[in-house]
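**Student:**
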Amino acid sequence: MMTVAELIEILKQHEPSMPVTVAGYEGGYNDISSVAPVRMITEANTQWYFGAHEEADDGNEETVTALLLSGHNHVAKDD
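Residues in the sequence shown are numbered from 21 upward in steps of one, following this note's numbering.
(1) Tell me which residues share the same chain as isoleucine 52 and place their Cβ nearer than 8 Å to its Cβ, disregarding the 5 neighbours each side in the sequence.
(2) Taking only the alpha-carbon atoms, compute the straight-line gap between glycine 44 and serine 54 and give it to the nearest angstrom.
(3) Would you please state the rounded distance, in angstroms, between the beta carbons of proline 57 and threonine 83? I believe it to be under 8 Å.
(4) Are alanine 72 and asparagine 80 touching if we call contact CB-CB under 8 Å?
(5) Could you compute how far the alpha carbon of glutamine 33 sits from the alpha carbon of tyrosine 69?
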């Protein structure tokens with residue numbers, strides 16, 4: 021699992037004005053619109069179509085707090 025310090029070192033290798041994006045839902049890329057801590061259970065999912073980690077329920081003690089970077093399609097049109 022990448023740490024904030026490791027991410028900072030990678031980001032330092034790039035131009036400060038370069039945009040940062042995340043993968044879109046089914047394809048494409050989105051601007052980062054949220055950076056927030058989240059409690060999760062690591063390596064909870066083994067199916068390829070789920071992310072490896074899962075959001076933790078309240079009261080679950082086997083968790084880590086990670087920083088979640090996420091985005092949404094701000095130009096999407098409703099169907």
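Virtual Cβ for every residue (Gly too), placed ideally from N, Cα, C.
Owing to the predicted nature of the structure, the values given are computational and were not obtained by experimental measurement.
**Tutor:** Checking against the coordinates, here is how it stands:
(1) Val40, Thr41, Val42, Leu89, Ser90 and Gly91
(2) 14 Å
(3) That pair is no contact at about 11 Å.
(4) no
(5) 31 Å
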